[in-house]
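End of the sequence shown = 189 in the working numbering, gap-free, step of one. Worksheet: one structure, shown below.
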Amino acid sequence: MEAAEEFLLVEHEAISTYLRCPICTNLFTSPLRLHCGHSFCQSCIGTWMERENTCPECRERFNMKTSHRDRLIEGVISDMKAKCKYRGCSWEGKFGNWQEHCQRCNFHPDHIEKWMQQAMAENKNCGILQRLYEKNPKAAQQVLTAMAEPPYEGWAPFTFDENNTPDKRFKADRT
15 MEAAEEFLLV EHEAISTYLR CPICTNLFTS PLRLHCGHSF CQSCIGTWME RENTCPECRE
75 RFNMKTSHRD RLIEGVISDM KAKCKYRGCS WEGKFGNWQE HCQRCNFHPD HIEKWMQQAM
135 AENKNCGILQ RLYEKNPKAA QQVLTAMAEP PYEGWAPFTF DENNTPDKRF KADRT
């Protein structure tokens with residue numbers, strides 16, 4: 015997990031120090047356990063190994079061949095409650111499922127253009143938004159995202175179903 019993704023965790027202020035790499039102090043990313051029992055991010059211990067061949071914690075000599083993935087730490091982090099980091103998305107679930115959620119999240123920057131085009135095609139009253147999109151796609155994206163957030167929820171140009179996709183009922187409800 016990247017340091018920037020730590021805020022995805024619902025209770026990120028209460029993260030145990032035992033789930034943090036002693037080198038970078040962030041939540042573990044691909045944790046490796048050395049034979050002495052200490053764990054580090056794979057990239058952190060790899061960089062450390064370029065300069066030293068001792069454990070950063072206890073200074074015991076080690077060889078990367080004797081290290082192994084720390085599945086316990088991976089599992090604990092994966093089970094932590096997380097939320098989507100994209101503005102407007104209300105998804106909450108296990109951190110381990112966040113990457114899968116991102117692949118279909120309509121608020122993900124890689125998906126929002128397709129989502130905007132779909133919303134504008136379904137709602138003929140989006141002429142102003144369509145013109146804005148043609149002149150400045152990023153501004154249109156910001157407008158659509160803001161319209162999907164409270165306090166605007168409910169009168170946005172479309173609503174969302176349980177899969178976080180524009181609800182087809184919008185056209186029937188507001189024509």
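Positions of the beta carbon are idealized from the N, C-alpha and C atoms, including for glycine.
Are the Cβ atoms of residue i and residue j separated by less than 8 Å?
{"i": "residue 45", "j": "residue 114", "result": "no"}
{"i": "residue 106", "j": "residue 97", "result": "yes"}
{"i": "residue 112", "j": "residue 22", "result": "yes"}
{"i": "residue 58", "j": "residue 37", "result": "yes"}
Can you tell me whether DSSP reads residue i as helix, strand or coil?
{"i": "residue 81", "result": "coil"}
{"i": "residue 102", "result": "coil"}
{"i": "residue 54", "result": "strand"}
{"i": "residue 73", "result": "coil"}
{"i": "residue 118", "result": "coil"}
{"i": "residue 46", "result": "strand"}
{"i": "residue 31", "result": "helix"}
{"i": "residue 68", "result": "strand"}
Beta-carbon within less than 7 Å of residue i's beta-carbon, same chain only, minus the 5 sequence neighbours each way: which residues are those?
{"i": "residue 92", "result": "108, 109, 110"}
{"i": "residue 72", "result": "50, 52"}
{"i": "residue 153", "result": "146"}
Quick one: what's got a C-beta closer than 8 Å to residue i's C-beta in the same chain, skipping five residues either side?
{"i": "residue 53", "result": "35, 42, 45, 46, 47, 84, 87"}
{"i": "residue 55", "result": "35, 37, 38, 40, 42, 43, 44, 45, 46"}
Would you say residue i faces chain D, with C-beta separation under 8 Å as the test?
{"i": "residue 103", "result": "Judged by its chain identifiers, the structure shown contains no chain D, having just a single protein chain."}
First and last residue of the beta strand (DSSP E) that includes residue i?
{"i": "residue 96", "result": "95–97"}
Excluding sequence positions up to five away, which residues of its chain have a Cβ less than 6 Å from the Cβ of residue i?
{"i": "residue 94", "result": "23, 109"}
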